[in-house]
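Numbering (the numbering used here), first residue to last: 5 to 398.
In what follows, a single structure is set out as structure tokens and then discussed.
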Ligand SMILES: Cc1cc2nc3c(=O)[nH]c(=O)nc-3n(C[C@H](O)[C@H](O)[C@H](O)COP(=O)(O)O)c2cc1C
């Protein structure tokens, strides 16, 4: 796991945000600060975690062919995606239960996205109400949806999003059932939560984390609480497990898109055939994603399927790459191969766990700084004009 090793020498791990210079440093700090079931919930993936590892290592097979003697004293990073202008082409994708990383959870992520002028896509599994996060988001708002067995629950969420002025919806389609995440099975942080004795002891060994959470009220997933009618987090996770519907088809997707009538992304598309179907169904964007390797282990990586999908539908759909981004150069490679923007999950969760809103801002600043530097070093002046010649597969 090359990108995940802390950049400092062994035994010289970062102790605070100032000592973090890369996403892997933030990961190392998050690991120190979180009880181990939470760290593994964030860091882990399905089965042998091959897909999760390859999501990042696949970028190594692509090399940048730099150009020289361009005036790169100023480079333009702003772009337009999901009907919104954003300051740079990376945004925070949906991740559930962020309050476990930090007491400010999704509110902290929303604040960091607003301050770095990018987008936040809030998860259905948010630990703050979509209305409260919506009110806290100064910038563009996007909400991630699942089509539940109880279709009225999904429709209810859509209505709430409209009332709270979310501008875009993202439908996750790679979750007909939950992936087999073995780290969670070992710690007991699965669906439903059933902590092992060792995990309970490990929580007790993290008094700072416990103190941070104490006095902030019980942790809950308000959207799921409203649908399931239960205040218990364990009962809510059980409800979600039962509501994931393996019978969802393109017909359901088409109906939801017609109902929404706004920017609509389908997250989890990985083939040219499905990209065409998404276009036919009326989506405005697709997010190439394998859920960060948390669902089907052995699935292809988004960067591998990107060029073919971008060639097939890039003229008609916004194509976003999600998964494995740990460096600014990864973003540059994805843009060169046809992505309009990139979405991240773990990088900002490491930041959140390491230092709340300041930690998320740090993660975003690290990636943006690296992207700008990579653009300057490779002679790119505008993210919108990066062309495929810049990236060569070896
Ligand atoms: C802890 C965690 C929770 C996640 N929860 C959700 C979720 O609720 N909905 C969703 O569509 N994707 C979810 N994802 C997947 C992310 O949106 C994204 O696809 C993935 O993290 C991208 O890979 P990366 O972590 O390598 O950036 C989650 C990912 C993580 C790590």
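Don't be surprised by glycine CBs; every beta carbon is placed ideally from N, CA and C.
query: beta-carbon residue 97 near ligand 1 non-hydrogen atom, thresh 7 Å; result: yes
query: Separation of residue 197 from residue 307, as counted between CA atoms; result: 33 Å
query: DSSP-derived helix/strand/coil call for residue 44; result: helix
query: One or two residues paired with residue 354 in a DSSP bridge; result: In the DSSP output, where bridge partners are listed per residue, residue 354 has none listed.
query: Alpha carbon of residue 227 to alpha carbon of residue 169, nearest angstrom; result: 16 Å
query: Beta-carbon spacing of residue 301, residue 52 below 8 Å; result: yes
query: Whole-number beta carbon distance between residue 81 and residue 91, since they are thought to touch under 8 Å; result: 7 Å
query: Separation of residue 374 from residue 40, as counted between CA atoms; result: 30 Å
query: Residue 362 versus residue 390: straight-line alpha-carbon distance, rounded; result: 31 Å
query: Range covered by the alpha helix (DSSP H) that runs through residue 117; result: 109-119
query: Residue 267 to residue 233 span [Cα, whole Å]; result: 30 Å
query: Which of helix, strand or coil DSSP assigns to residue 27; result: helix
query: Residue 46 Cβ short of 7 Å to ligand 1 heavy atom set; result: yes
query: C-alpha distance - residue 96 paired with residue 67, whole-angstrom precision; result: 25 Å
query: Residue 149 and residue 128 closer than 8 Å at C-beta; result: yes
query: Reduced DSSP category for residue 129 - H, G, I as helix; E, B as strand; rest coil; result: coil
query: Closest by C-alpha distance to residue 314, when choosing among 325, 304, 305; result: 325
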